[in-house]
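Trainee: One structure follows; several queries about it will come next.
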Amino acid sequence: MAEPCSSIFGSGFPGDLAGDPYLPNSLLALEIFFGNPIDLGFSAIFIKDNSLPDRELSYKEIMDLIIEAKALGIRKIAFTGEKAASCSYIKDAISYSRSLDIDVIFLKDDYNLSANSENNIPPLCARHRFSCVVTSYGYVLPCPGLHIPLGNILNQKLSDILKDSEILCDLKDGTSRIKGPCRICENAQTCYGCRGRAYRITGDYLSSDLMCIKNKSGGHETVSLPLPVDGIIPQKPPMRIIDTLDTLAERSASCSVLIKKDMPFIEDDGSVDNVAYLEMIAQAIAALNGFRNINESGSSPEGYLLGAKNLAILGRATAGDRLSVMVFKYARYGGFGIVKGIVSKNNEVLARGEIKVWHKTDESEFETH
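Take a look at the structure:
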């Protein structure tokens, strides 16, 4: 079971440190997990180099990770996982960390990456606000129980992954971003529930923790995925094409659509016009943005499809087909974004491409991902 952060880092950590430990891009602790690969869902295809197989970090890459983490300000490193004790260079990694004045914690080999499973006890764990997990395969996770990859240090610096992550931004601002009864709980300033547990049950990392004893009557107030997109995207019938938002991840989402004969962009023979794939991708990213900001207003955000490039049509869809639409937002400038999208049927890719979109936002900071 994933242990509460106080039992790992100490009850006074990070509150006994000077400054604000919850500032964006801050990192005060790091957990390096040595274990078997874990299922990270669809979004891993956007994060890793698909031309290369998953591989474990080398000795040098672990040492470089420790150096970068030290530069980011970490005070503690926890070495965890069932393979940690048998790792050939674990003693060197521990010694090197201590030489950099980093406190080292070595957890038992039965420690697993899993959500807190106690039935009714709020875990009082806020480690996602000051730490993260890096697996021995390079994937960065917000915390041990939240299996959403934020990036992979094999192809991106840890500092860039932390800076670019919308999920970490949301979690650090948990008191205003969490949805449902946890948002108005009397303990909301100090307890965030188990984010991994909430994600596992509802599909939403910002959902209320329904296993907390204080939320036993609050399940009806909590939205779970899959979710019909009515109300979270600006498109209305008949222009609304996608049906449900199915899965959330780091700047990415998967949606479903059932092709119907009376939909826009359907040819006389029942086949789907190529332009429909671009619209599916645009509506899928609108669903991600709309759901992420569902607390902020009672209406879906305004947005426009501005252009497309690198569209490749690899297959054909017809009326009656159920399609999956996966999207990943890899660049943003204020309200403008560049989105990669993949449309598939039964794991067969029908179309892929990039679109440029605009969504109404108050943000003006340039970000690249």
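Quick note, the working numbering runs 295 ahead of the 1-based positions in the sequence shown. Don't be surprised by glycine CBs; every beta carbon is placed ideally from N, CA and C.
1) So, helix, strand or coil for residue 533, using DSSP?
2) In its own chain, which residues sit with a C-beta less than 6 Å from the C-beta of residue 354, not counting the 5 before and 5 after it?
3) Please classify residue 415: is it buried, with 16 or more other beta-carbons within 10 angstroms of its beta-carbon, or exposed?
4) If you draw a straight line from the alpha carbon of residue 492 to that of residue 562, how long is it in whole angstroms?
5) Whole angstroms is fine: what's the gap from residue 483's alpha carbon to residue 601's?
6) How big is the Cα-Cα spacing for residue 639 and residue 618?
7) Please give the ranges of any alpha helix (DSSP H) in the stretch 473-552, keeping only runs that are unbroken, at least 4 residues long and fully inside the region.
8) Go through the stretch 596-642 residue by residue and report every complete run of the beta strand (DSSP E) that reaches 3 residues or more, in order.
9) Taking just the CA atoms, how far does residue 578 sit from residue 328?
10) Do the stretch 523-532 and the stretch 435-453 make contact, defined as three or more Cβ pairs closer than 8 Å?
11) In three-state terms, what does DSSP make of residue 447?
12) Under 6 Å Cβ to Cβ from residue 581, same chain only, skipping five residues before and after it: list those, please.
13) Can you tell me whether residue 552 is buried or exposed? The criterion is at least 16 other CB atoms within 10 Å of its CB, across all chains shown.
14) Out of 646, 654, 645 and 556, which has the shortest C-alpha to C-alpha gap to residue 631?
15) Indicate the three-state DSSP secondary structure (helix, strand or coil) for residue 648 in the structure shown.
16) Since residue 420 is in the beta strand (DSSP E), which residue starts that stretch and which ends it?
17) Comparing the C-beta of residue 576 with each C-beta of chain B, is any distance below 8 Å?
18) For residue 645, count the other beta carbons within 10 Å of its own beta carbon; 16 or more makes it buried, fewer makes it exposed. Which is it?
19) Measuring alpha carbon to alpha carbon, tell me which residue in 502, 332, 433 and 439 is nearest residue 422.
20) Three-state secondary structure (DSSP) at residue 323?
21) Taking 8 Å as the cut-off, does the stretch 555-572 touch the stretch 603-616 (at least 3 CB pairs, one atom from each stretch)?
22) Let me confirm a value: residue 481 is counted as buried when at least 16 other C-beta atoms fall within 10 Å, else exposed. Which label applies?
23) Which runs of the beta strand (DSSP E) fall wholly inside the stretch 368-405 and span at least 3 residues, in chain order?
24) With a CB to CB cut of under 6 Å and the five nearest residues on each side skipped, what residues in its chain are close to residue 428?
25) Report the residue from 391, 605 and 586 whose alpha carbon sits nearest the alpha carbon of residue 524.
26) Under the rule that 16 or more other beta-carbon atoms within 10 Å means buried, what is residue 395, buried or exposed?
27) Can you tell me the Cβ-Cβ gap for residue 620 and residue 558, rounded? I've got them flagged as a contact below 8 Å.
Mentor: Once the coordinates are examined:
1) coil
2) 384
3) Confidence at residue 415 is low in this model, with a pLDDT of 47, below 50, so the placement of that residue should be treated as unreliable; the coordinate-derived value is given next. Under this definition residue 415 is an exposed residue.
4) 45 Å
5) 40 Å
6) 6 Å
7) 490-497
8) 598-608, 617-628 and 631-640
9) 37 Å
10) no
11) strand
12) 528 and 598
13) buried
14) 654
15) strand
16) Careful: residue 420 lies outside any beta strand (DSSP E) and carries neither H nor E.
17) Given the protein chain composition of this structure (a single chain), no chain B is represented.
18) buried
19) 439
20) coil
21) yes
22) exposed
23) 371-375 and 398-401
24) 326, 328, 436 and 439
25) 586
26) exposed
27) The pair is not a contact, with the Cβ atoms about 14 Å apart (cut-off 8 Å).
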